[in-house]
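J.: The structure that follows is given in the form of structure tokens.
Below you can see the structure in the form of structure tokens.
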């Protein structure tokens with residue numbers, strides 16, 4: 010198994026005008042299949058890069074990292090907390106998009122504790138999933 014990590018963040022504007030960012034670490038697992046590396050057009054990247062479409066197709070949600078203490082693990086499809094890794098581990102079989110949606114749900118719930126959110130947007134940075142995928146999962150989390 011290989012792992013891939015994403016810092017998933019949102020920028021939220023609250024009713025009182027405050028703007029804050031909140032995020033979690035989202036870790037996915039990828040099979041250790043050498044054939045996946047052959048899908049990379051430029052061989053020099055093959056040891057450290059897998060195209061996102063491949064990740065979307067084969068990755069499974071593995072863990073969430075946050076400083077918050079998560080009480081209701083089941084609602085986020087989490088099976089427990091691993092102290093040695095300081096991560097909350099997903100139940101088996103949770104796909105990439107479902108795990109990302111749960112990451113956004115957690116972020117939204119953390120923000121709700123601070124006040125009424127009136128505007129929210131994903132933070133795009135180097136290494137984040139494509140904007141379309143983040144927006145799709147954020148909209149699902151908001152529904």
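Numbering (my numbering), first residue to last: 10 to 152. We put the beta carbon where it would ideally sit given N, CA and C, even for glycine. Predicted, not measured: the structure shown is a model, and the values here were computed from it.
#1: For residue 107, report the span of its alpha helix (DSSP H) as first-last.
#2: Tell me which residues share the same chain as residue 3 and place their Cβ nearer than 7 Å to its Cβ, disregarding the 5 neighbours each side in the sequence.
#3: Quick one: residues in its chain with C-beta nearer than 6 Å to the C-beta of residue 17, no 5 flanking neighbours on either side, listed in chain order?
#4: Rounded to the nearest angstrom, what separates residue 21 and residue 150 at their Cα positions?
#5: Whole angstroms are fine: how far does the CA of residue 60 sit from the CA of residue 142?
#6: If you follow the beta strand (DSSP E) that residue 77 is part of, which residue opens it and which one closes it?
#7: When you compare only the Cα positions, how much space is there between residue 95 and residue 127?
#8: What is the rounded straight-line gap between the Cα of residue 23 and the Cα of residue 116?
#9: Relative to the C-alpha of residue 62, which residue among 144, 147 and 139 is closest?
#10: In chain order, what residues of the same chain lie with their CB nearer than 6 Å to the CB of residue 109, ignoring the 5 residues before and after it?
#11: Throw me the rounded Cβ distance for the residue 106 and residue 99 pair, which I believe falls under 8 Å.
#12: Can you tell which of 86, 75 and 85 has its C-alpha closest to the C-alpha of residue 92?
#13: With H, G and I counted as helix, E and B as strand and the rest as coil, what does DSSP make of residue 66?
#14: Specify, as a first and last residue, the run of the alpha helix (DSSP H) that residue 142 falls within.
#15: Measure the alpha-carbon distance for residue 66 versus residue 104 and round it to whole angstroms.
T.: Reading it off the structure:
#1: Taken as a continuous stretch (DSSP letters only), the alpha helix (DSSP H) holding residue 107 covers 105–121.
#2: The chain is shown only over 10 to 152; residue 3 falls outside these bounds and no answer can be derived.
#3: Within the same chain, residue 17 has close Cβ partners 32, 33, 35 and 112.
#4: Rounded to the nearest angstrom, the two C-alpha atoms are 14 Å apart.
#5: Straight-line measurement puts the Cα of residue 60 at about 14 Å from the Cα of residue 142.
#6: Taken as a continuous stretch (DSSP letters only), residue 77 belongs to no beta strand (DSSP E), as it is neither H nor E.
#7: Rounded to whole angstroms, residue 95 to residue 127 spans 32 Å at the Cα level.
#8: Taken atom to atom, the span from the alpha-carbon of residue 23 to that of residue 116 is near 14 Å.
#9: The shortest Cα separation from residue 62 among 144, 147 and 139 belongs to 139.
#10: Contacts found: 146.
#11: Between the beta-carbon of residue 106 and that of residue 99 there is about 13 Å, and that puts the pair past the 8 Å contact cut.
#12: Distances from the alpha-carbon of residue 92 to those of 86, 75 and 85 put 75 closest.
#13: Helix at residue 66.
#14: Residue 142: member of the alpha helix (DSSP H) spanning 140–151, first to last residue.
#15: Those two C-alpha atoms are separated by around 9 Å.
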